[in-house]
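Counting in our numbering, the final residue of the sequence shown is number 483, and the numbers go up one at a time with none missing. Heads up: the structure comes next, in structure tokens.
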Amino acid sequence: MTTGLPAAGGFALGAATAAYQIEGATTEDGRGASIWDTFTARPGAVRDGSDGSTACDSYHRSEEDLDLVRGLGVEFYRFSIAWPRVLPEGRGRVEGRGLDYYDRLVDAMLERGLAPSATLFHWDLPQALEDEGGWLVRSTPEAFAEYADVVGERLGDRVGLWATHNEPWCAAYLGYAAGVHAPGRREGAAGHRAAHHLNLAHGLAVERLRTHTSGDVGVVLNLAPIRPERDEARELAAGIDAIRNAVWLDPLVDGEYGEALLRVAPELADPELVRDGDLAKVRGSVDWIGVNYYTPVRPDVPGPDGVPHPEGGAYPGVAPFDLVVREPVTDIGWEIDATGLTEVLTDTHRGTGVPLVVTENGAAMADDRVEDGVVVDEDRIDYLRDHTAAVVQARREGADVRGYFVWTLLDNFEWAEGYTKTFGLVHVDPDDQTRTPKASYRWLAAEAAGLREAARAVSP
Ligand code: PNW
């Protein structure tokens, strides 16, 4: 028996993490190197010069972590599998100890009554594959299919909710165009090549997964509502929307890249890159789409003092633009606007007709303070309260949203921000990894039943 996507009308809660951000133990049990091990060693790549070699030490503390998830009273634990633990060279030789770890992790979830939601690729590409070209070459999607096959065969009977990729936009554009994430390549149009190979990899992996599981298979996207600041910014906004959203949704819905996208990414019309049949595998491939939402994107044409958007490289083919960020913001500088979550859910529902799950939502907050041994994080509670209400509102407006997973269980390795930004419901001591639930953890535990009921009461 596996627990998959909640049935129509249903609604479930969860907590989410990712392997490289929490596991540590990066050289244990035969794990191969990933591009994040390499990237974090590069001077200046990570704000505090840190890496994931210890992180939350969850590789050794998974039972304790799962007890914490259980204590939240949520149904799902969303975790990711480290590709280089399972296939240290990316393909070929399987490392049994790595696979055993996830096998035990899944069993430990089931023992606690938690439903596992596994993500295959949360950015930790095996370095051996990057050395052969990474997401810029077609052999990587083929290796990904092999990896999906190995994992599906072992876990397919017990994992009911699967995702191939997490936020492929970040992997493609932050990794290969902007260069602010691993592998740290700044090659403009390379982002589109990577994006296509991620799409192809998804399509190939879904085919393999379905031979092993009757669970629900999807993909997790960081879709964003694009809100042009004024009329003059509309065209610009259409280009940004194409690269952020359409490059993933067009193939899923239509099996091809649409016109608006090809205007800013002519590379995607190259028949050498996008071969016959590639996108046919992607069309209609998913049972569900995971939506990660943090903030809206407000592009504007550069004013007289305008500076190009610092992430501009992540939108190759789009003119330089200003990015307007309105107050209030979280500690990572992302505007807080829960209406953007309602908007992205209703838009995505309308555009795809596929059931949705909010697979990440949460806030980095600086003002966590300790009072009587409890981390008081009222701003995070406010954020979560407003955003869960925005999900209920999306259902009221007809969006078929079946769940909400909080990002994240633990304060962890926040990619290019290192340990300087914390999203956790549970504080993790950076020196000895002691876990201490914050006020937001207690809030969610107290509210979980009510949140579920409120969502179910407005069945879309
Ligand atoms: C997502 N950006 O990352 C990831 O899925 C998580 O692993 C991460 O911890 C979480 O959101 C919070 O950041 C992103 O620069 C990282 O636009 C950076 C960006 C977007 C998403």
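By construction, the Cβ of each residue, glycine as well, lies at the ideal position given by its N, Cα and C atoms. No experiment lies behind these values; they were computed from the predicted model shown.
Residues sharing a beta bridge with residue i, DSSP
| i | result |
| --- | --- |
| residue 158 | Answer by DSSP bridge pairing: none, since residue 158 is not bridged. |
| residue 461 | 398 |
| residue 139 | 100 |
| residue 189 | 243 |
| residue 358 | 352 |
| residue 450 | 459 |
| residue 383 | 315 |
| residue 76 | Answer is none; residue 76 lacks a bridge partner. |
| residue 37 | 99, 428 |
| residue 184 | 140, 239 |
| residue 393 | 398 |
| residue 409 | In DSSP, residue 409 forms no bridge with anything. |
| residue 433 | 449 |
| residue 149 | 57 |
| residue 322 | 346 |
Option in the options with minimal Cα separation from residue i
| i | options | result |
| --- | --- | --- |
| residue 128 | 117, 62, 101, 149 | 101 |
| residue 276 | 482, 478, 53, 309 | 309 |
| residue 62 | 286, 251, 205, 193 | 205 |
| residue 94 | 460, 412, 476, 238 | 460 |
| residue 161 | 215, 148, 223 | 223 |
| residue 188 | 407, 244, 32, 343 | 244 |
| residue 126 | 104, 135, 383 | 104 |
| residue 418 | 190, 31, 234, 26 | 31 |
| residue 114 | 133, 155, 318 | 155 |
| residue 375 | 272, 225, 34 | 272 |
| residue 242 | 196, 266, 290, 191 | 191 |
| residue 69 | 256, 443, 106 | 443 |
| residue 284 | 297, 263, 278 | 263 |
| residue 196 | 412, 47, 210 | 210 |
| residue 361 | 177, 384, 378 | 384 |
| residue 98 | 119, 59, 29, 121 | 29 |
| residue 379 | 281, 386, 369, 387 | 369 |
| residue 180 | 343, 144, 446, 138 | 138 |
| residue 434 | 422, 452, 428, 109 | 452 |
| residue 358 | 371, 439, 372, 388 | 388 |
| residue 55 | 153, 306, 402, 250 | 153 |
| residue 294 | 287, 280, 305, 307 | 280 |
| residue 225 | 306, 252, 200, 249 | 306 |
| residue 422 | 47, 366, 143, 445 | 366 |
| residue 351 | 373, 319, 340 | 319 |
| residue 343 | 282, 291, 303, 258 | 258 |
| residue 33 | 425, 410, 109, 332 | 425 |
| residue 44 | 66, 67, 78, 37 | 78 |
| residue 299 | 312, 290, 278, 286 | 278 |
| residue 405 | 396, 448, 393 | 448 |
| residue 462 | 230, 395, 441, 256 | 395 |
Closer than 6 Å: residue i CB and nearest the ligand PNW heavy atom
| i | result |
| --- | --- |
| residue 68 | no |
| residue 268 | no |
| residue 41 | yes |
| residue 189 | yes |
| query | Enumerated in chain order, which unbroken segments of the alpha helix (DSSP H) with a length of 4 residues or greater are wholly contained in the segment 207-238? | reply | 213-233
| task | Can you check the segment 250-320 for any beta strand (DSSP E) of at least 3 residues that lies completely inside it and give the ranges in chain order? | result | 311-315
| message | Ignoring anything shorter than 4 residues, give me the alpha helix (DSSP H) runs that lie fully in the segment 45-72, in order along the chain. | response | 58-63
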